[in-house]
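Heads up, the thing below is written out as structure tokens.
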């Protein structure tokens, strides 16, 4: 129970043991690769020159890669362009408070845009790999050894003294260093003191290289598995963080970026944890760890070619959601389901499922979660009907179990003949509204499986937004963007500094989520719009200085209001061969019913493919709207209505302190 200092004073060895979940991910990935491809991977003998791994790192596809997945580190990987494990070691050491200030200079030296300079010519051999920058504690020790003749033990004492900045001890060390430099290398006192000052600076934030190198190896191993076996790696990552729905959603989005489809849970297909879809247990014996199993259409052990410079494999590969990853469904319940499936094959109906499982482990609450998450979709016409049948199915299963426990048997049993299963013909209820069904999926799975609530708004978003949420990361810091999304969370608060209210709003599209910070006058102006499931269009300053982009809005409107405010021109397209007077009168009636200030053009396609544009007189200008587009589409078909959107962005509004500064003439 001693503190760190006294332990060392007593002459005892202090060791820190770090429990890294990444090691579990590595082990599980290797086991999954063995099961899916038959390939045995020895992480200790991996080549450290795998081109695909460095491509993944330099493309900043490092979500889930040990030590390299933060936004800042991803940006650093992209700028630095890693080519070796030594590079990873250096970046791990630099990306910390203190040495982080050296990163811009380090990148410039690495790319030859700035000359590499050494604290002293004798130090070139030990600092060449870090472009003349002393990053590691070991380099400081070696410098003292080379320049001033220190022993390694003495150099370590020097390093410790520099790190603790004890004035008296430092003065003694300086005198010894200057004297040693003169005796060993005839370095004058002025130069020796100058080098000592540099060493003192570097020692203040120097990182232990052996520690950084160990981290770099683990980082390389995770990157290697992600680059070469992304399905198995992402399965392992999802399983490891299946209780964290926010992280789970990130990994699922990452899988889509690799062309990998993530399938929802299924009591007839899913395993306990996330697994490649080819490993799903559809009855029979489960696949054991170490059992070889080739992917369909893939030569065992053969890695596919990279596609368009992206790490990943063909899009036919899929990940199946694990049953234990459903909120409210524990592993004991899942094991009961898998044992029943293994013993009797696929489940045919909800009643069949209830009769074959242990309802003490898989109780009503668990079954409700399974139904709401879509895991029982194959057992009935829809989720509403399955939920309505649940009590009846459980009651029948309970009755059969009680009869069996009493030893009762049917007439068929007496004649040693199996009874025929009664075919249920349930009354089919209307399915739940889409919003309710998707809400359950999001709550229980952390993702939408059977659709996305923003899908109906996608056409408007593509027309009027300048960026998707995923694309915001590429916007320059404090640049402008217009993004559309669905409100999924609102957190109100008070600023400790100003005492005024603010709102932190989360919006989501099909590519990701982002937070909006509305404060001061923006809070009062836009707070009524922040309603759950409201589709918004936000014109905003984008802050990309942190791990994730954040929006500071200049204007927010309901997405359905965007046509009215941001349309420059409306075009109606018609095939002239299909037009007649009655249809033209119908068009005229619709246009007059939606009068407004926006110019209208008719695009007429002739049989030969030529298109003529007609501009009606000023009487026929329109008010663009979703209703107008819907009416025209229903009357004349998809593609009739086309809107030319105003996608220009305003200049960034100055913050209050900037306006004050300008007024002061600063």
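Residue numbers (this note's numbering): 493 to 1158.
Note that the Cβ used here is the ideal one computed from N, Cα and C, for glycine as well.
| Query | Result |
| --- | --- |
| Using 8 Å as the threshold, is the stretch 617-628 in touch with the stretch 644-664, meaning 3 or more CB pairs across them? | no |
| Classify residue 1194 as buried or exposed, calling it buried when 16 or more other Cβ atoms lie within 10 Å of its own Cβ. | Shown here, the chain extends from 493 to 1158; a query on residue 1194 therefore has no answer. |
| Since I believe residue 528 is in contact with residue 724 (beta carbons under 8 Å), could you give me their beta-carbon distance rounded to a whole number of angstroms? | 6 Å |
| Hey, would you say residue 1043 sits closer than 9 Å to residue 1034, going by beta carbons? | yes |
| Considering Cα atoms alone, identify which of 1066, 934, 1074, 718 is closest to residue 552. | 718 |
| Could you name the residues that DSSP lists as bridge partners for residue 1042? | 1007, 1035 |
| Using DSSP bridges, identify the partner residues of residue 1136. | 1061 |
| Given that a residue counts as buried once 16 or more other Cβ atoms are within 10 Å of its Cβ, and exposed if not, what is residue 495? | exposed |
| Using a threshold of 9 Å, state whether the C-beta atoms of residue 819 and residue 846 are closer than that. | no |
| So what's residue 1159 in DSSP terms, helix, strand or just coil? | Residue 1159 lies beyond the stretch modelled for the chain, which goes from 493 to 1158, so this question has no answer here. |
| Entirely within the stretch 855-888 and at least 4 residues each: give me those alpha helix (DSSP H) ranges in chain order. | 856-864 |
| Looking at the structure shown, is residue 563 part of a helix, part of a strand, or coil, going by DSSP? | helix |
| Just the Cα atoms here: how many angstroms apart are residue 1102 and residue 1134? | 18 Å |
| Using the C-alpha atoms, what's the distance from residue 562 back to residue 554? | 8 Å |
| Apart from the five residues just before and just after residue 602, which ones in its own chain have a Cβ nearer than 7 Å to its Cβ? | 572, 623 |
| With a cut-off of 8 Å, do at least 3 Cβ pairs link the stretch 965-981 to the stretch 936-953? | yes |
| Which residues mark the beginning and the end of the alpha helix (DSSP H) in which residue 930 is found? | 926-937 |
| Between 1123, 1005, 1018, which lies nearest to residue 994 when the distance is taken from Cα to Cα? | 1018 |
| Check whether the stretch 571-590 touches the stretch 746-765, counting contact only when three or more Cβ pairs, one atom from each stretch, lie closer than 8 Å. | no |
| According to DSSP, simplified to helix, strand and coil, what is residue 649? | helix |
| Would you kindly work out how many angstroms separate the C-alpha atoms of residue 1161 and residue 829, rounded to a whole number? | For residue 1161 there is no data in the structure shown, the boundaries of the chain being 493 and 1158. |
| Anyone know if the C-beta pair for residue 961 and residue 926 falls short of 9 Å? | no |
| Relative to the C-alpha of residue 1013, which candidate in 1099, 665, 1047 has its C-alpha closest? | 1047 |
| For residue 1056 and residue 742, I'd like the C-alpha separation in whole angstroms. | 35 Å |
| Helix, strand or coil for residue 1160? Go by DSSP, reduced to three states. | Since the displayed the chain opens at 493 and closes at 1158, residue 1160 lies outside it and no answer follows. |
| Can you tell me whether residue 546 is buried or exposed, with buried defined as 16 or more other CB within 10 angstroms of its CB? | buried |
| By the 10 Å Cβ neighbour count, where 16 or more other Cβ atoms means buried, how is residue 565 classified, buried or exposed? | buried |
| Once DSSP output is grouped into helix, strand and coil, what is the label at residue 764? | coil |
| Quick check on the DSSP output: what are the complete alpha helix (DSSP H) runs of length 4 or more inside the stretch 594-635, in order along the chain? | 595-602, 616-619 |
| Excluding the 5 residues flanking residue 500 on each side, which residues of the same chain have their C-beta closer than 7 Å to its C-beta? | 506 |
| Considering only residues of the same chain and omitting the five flanking positions on each side of residue 738, which have a CB-CB separation below 8 Å? | 938 |
| For the stretch 1103-1116 against the stretch 1025-1034, do three or more pairs of beta-carbon atoms, one drawn from each stretch, fall closer than 8 Å, so that the two count as touching? | no |
| Counting along the chain, where does the beta strand (DSSP E) carrying residue 511 start and finish? | From DSSP, residue 511 is part of no beta strand (DSSP E); its letter is neither H nor E. |
| So, at 8 Å on beta carbons, what are the nonlocal neighbours of residue 595 in its own chain, with the 5 sequence-adjacent residues on each side left out? | 568, 586, 587 |
| Identify whether residue 810 lies in helix, strand or coil by the three-state DSSP scheme. | strand |
| Let me know if residue 498 comes out buried or exposed under the rule of 16 or more other beta-carbons within 10 Å of its beta-carbon. | exposed |
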